[in-house]
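Down below is the structure, laid out as structure tokens.
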Amino acid sequence: MSPANGVISQTSSTPGTSLRGRVGASAPLTSSGAEWLEEAGVRRAFVGGRVETMDAGPRPSVVIVSGDRIESVGELDLLRSLPEVEVVDLQGRMLLPGFIDAHHHLSISALEPLWADLSGVTDPEDAARLLADAAARTPGAAWIRGCNWSRDALRITRRELDAMGFDRPVILACTSLHRCVVSSHGLEDLRIDANTPDPPGGRIHRDHSGQLTGLLIETAWSHAHAASLGQINEPDRYADLIEERATLLLSYGITAIHDTAMSPRAEVAYRLLAAQARLPISILGFPHSAELLAGPDPARWDGLVTGEGDEHFRVGPVKIFADGVWPPACDGRIDGQRIQFGDILPGLDDHIRVAVARGFGVAVHAIGNVGLSSALDSWRTATAGREPEHGMRVEHVLLASSTELDEMRRLGVTGVIQPGFVVGLGDVANAFDFDAHTWLPFAD
471 MSPANGVISQ
481 TSSTPGTSLR
491 GRVGASAPLT
501 SSGAEWLEEA
511 GVRRAFVGGR
521 VETMDAGPRP
531 SVVIVSGDRI
541 ESVGELDLLR
551 SLPEVEVVDL
561 QGRMLLPGFI
571 DAHHHLSISA
581 LEPLWADLSG
591 VTDPEDAARL
601 LADAAARTPG
611 AAWIRGCNWS
621 RDALRITRRE
631 LDAMGFDRPV
641 ILACTSLHRC
651 VVSSHGLEDL
661 RIDANTPDPP
671 GGRIHRDHSG
681 QLTGLLIETA
691 WSHAHAASLG
701 QINEPDRYAD
711 LIEERATLLL
721 SYGITAIHDT
731 AMSPRAEVAY
741 RLLAAQARLP
751 ISILGFPHSA
761 ELLAGPDPAR
771 WDGLVTGEGD
781 EHFRVGPVKI
791 FADGVWPPAC
801 DGRIDGQRIQ
811 FGDILPGLDD
821 HIRVAVARGF
831 GVAVHAIGNV
841 GLSSALDSWR
851 TATAGREPEH
861 GMRVEHVLLA
871 SSTELDEMRR
881 LGVTGVIQPG
891 FVVGLGDVAN
901 AFDFDAHTWL
911 PFAD
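Those letters in the sequence shown? Residues 471 to 914, by this note's numbering.
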């Protein structure tokens with residue numbers, strides 16, 4: 471998971487391509503965005519603007535659309551052979567394929583209207599007020615949840631959360647989706663006490679005296695995340711929230727997303743929306759378990775595999791984690807001195823091996839260079855002597871050496887990067903200037 475979403479534009483305007491959730495403009499063509507796509511059989515010609523097809527060659531002057539399909543692109547001469555076409559004047563605006571966000575958490579962000587948005591909050595009193603509002607919106611929920619919490623902005627422990635006086639567990643989820651802080655009620659609900667050991671790949675934070683602070687990191691956070699989502703047990707309501715957020719994304723010109731956080735409940739909601747033709751954008755869903763960092767759900771191996779579905783909703787690769795965020799798994803030298811931190815999350819080899827054997831593609835979260843090299847090693851082992859049905863992509867790839875990048879190229883592994891890290895990684899990159907490894911290796 472990442473603190474920022476990554477946007478790439480990949481959609482082609484090849485004739486015959488579906489336009490539903492795929493064509494965007496630099497300003498809306500109608501008051502409701504793409505409402506014209508619903509008029510089946512109506513042929514329109516878009517002219518008078520800059521047309522970007524993302525294809526090589528001369529830029530066309532006209533795009534002919536029939537219903538929700540691109541029929542042809544070319545010069546204005548096309549209009550002479552289409553007397554019944556309705557002409558839409560772009561008035562100098564740009565027409566381009568919609569953006570594809572290749573790493574998005576739609577099925578999580580869709581739930582944010584239920585939670586307290588703690589973006590920019592620095593005062594515990596302000597947090598308490600927002601959490602009280604969220605509690606009032608969700609009276610039947612077992613947990614009260616705050617989202618977009620930043621530990622740098624709001625230093626808070628379970629003691630401050632307890633003082634707010636809520637009678638339900640409280641969780642503040644970090645923007646990274648890799649750590650949280652919970653109240654004492656929350657710790658009790660999770661069955662965490664002073665004697666609870668750190669889970670594999672995670673940490674239960676304690677202060678200098680050994681007392682629990684409520685801060686849960688990586689797999690410890692993952693367990694709390696799943697518990698706090700217990701309120702989302704109505705597929706229809708979940709589907710409504712996803713549809714609302716997806717409609718907002720469409721208004722930004724994002725017309726397709728890869729949901730790299732698709733839990734079993736989220737998949738049910740997506741399938742419901744797809745069956746009812748209610749998805750305003752295209753979804754590629756990456757299956758994983760309810761506990762975000764716990765590895766694939768064993769029950770999911772028998773379901774639809776990567777590639778199955780249609781242009782509205784399709785199954786993507788299985789999501790697997792090589793390392794975490796706090797900290798990522800790194801190993802390198804700075805001025806000749808070896809520096810190591812972070813761990814590989816358990817089960818990486820087995821998860822990739824089973825995914826390949828079951829016909830799934832693989833998407834591996836790897837921020838540090840050890841996470842990346844471990845993912846490549848596991849992929850190499852899992853595919854030895856066989857041609858996998860689908861490939862592997864690595865999410866984030868924030869630290870790598872030229873050797874690791876060459877190995878990615880040799881194995882045909884795709885790196886999926888997020889521009890937001892250019893800003894967010896600055897302090898870390900400055901603090902750990904490795905001799906032979908580069909932060910943001912795809913930045914150039």
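We put the CB at the ideal spot given by N, CA and C, even for glycine.
Using a threshold of 8 Å, state whether the C-beta atoms of residue i and residue j are closer than that.
i: R715; j: S579; result: yes
i: F783; j: L749; result: yes
i: H821; j: P766; result: yes
i: T776; j: P787; result: yes
i: A586; j: A604; result: yes
i: V864; j: A845; result: yes
i: H860; j: T730; result: no
i: R649; j: L686; result: yes
i: S536; j: R563; result: no
i: E781; j: P757; result: no
i: G723; j: Y740; result: no
i: V795; j: S577; result: no
i: T627; j: V651; result: yes
Just tell me which of the options has its CA closest to the CA of residue i.
i: I814; options: A605, T627 and D793; result: D793
i: E658; options: C650, R673 and V640; result: V640
i: W619; options: E582, H866, A612 and G635; result: E582
i: D623; options: E541, H648, L631 and P594; result: According to the sequence as given, residue 623 is Ala; it is not Asp. Among E541, H648, L631 and P594, the Cα nearest to that of A623 belongs to P594.
i: L642; options: L600, R676 and Q681; result: L600
i: V834; options: R803, Q807 and V867; result: V867
i: R607; options: A597, G562, L584 and V898; result: L584
i: L910; options: A901, V892 and N900; result: V892
i: W849; options: L818, R529, S872 and I727; result: L818
With a CB to CB cut of under 6 Å and the five nearest residues on each side skipped, what residues in its chain are close to residue i?
i: H655; result: P639
i: Q810; result: D801
i: P858; result: V826
i: M634; result: A598
i: G812; result: D793, P797, P798, A799, C800 and G838
How would you write the range of the beta strand (DSSP E) that residue i sits in, first residue to last?
i: N422; result: Residue coverage of the chain in this structure runs from 471 to 914, which leaves residue 422 outside it and unanswerable.
i: A743; result: In the sequence on display, residue 743 carries Leu and not Ala. Segment P734 to A745 is the alpha helix (DSSP H) holding L743; no beta strand (DSSP E) there.
i: M634; result: It is not in any beta strand (DSSP E) - M634 carries neither H nor E in the DSSP assignment.
i: H678; result: Per DSSP, H678 belongs to no beta strand (DSSP E) and is neither H nor E.
i: I578; result: Per DSSP, I578 belongs to no beta strand (DSSP E); it is in the alpha helix (DSSP H), L576 to S579.
i: G802; result: C800 to I804
Leaving out five residues before and five after residue i in sequence, what residues of the same chain have Cβ atoms less than 7 Å from its Cβ?
i: T666; result: I674
i: T717; result: P750
Here's a check: name, in chain order, each residue in its chain whose Cβ is nearer than 8 Å to the Cβ of residue i, leaving out the five neighbours to either side.
i: S531; result: V517, V521, G544, E545 and L546
i: E778; result: R784 and V785
i: V552; result: Note that residue 552 is Leu in the sequence shown, not Val. Excluding sequence neighbours, L552 sits near R513, A515 and I534.
i: D905; result: G802, R803, I804, D805 and G806
i: L548; result: A515, V532, I534 and S542
Can you give me the start and stop residues for the alpha helix (DSSP H) that residue i sits inside?
i: S872; result: S872 to L881
i: D559; result: Element bounds for D559: not the alpha helix (DSSP H) but the beta strand (DSSP E), E556 to D559.
i: S844; result: N839 to A852
Can you look up residue i in the DSSP assignment and give me helix, strand or coil?
i: D903; result: coil
i: A825; result: helix
i: W585; result: coil
i: D813; result: coil
i: A716; result: helix
i: F756; result: strand
i: V898; result: helix
i: T689; result: helix
i: G700; result: helix
i: L601; result: helix
i: G656; result: helix
i: W909; result: strand
i: R539; result: strand
Taking 7 Å as the cut-off, is the beta-carbon of residue i closer than that to any non-hydrogen atom of the ligand ZN?
i: G855; result: Of ligands this structure carries none, so the ligand ZN is not represented either.
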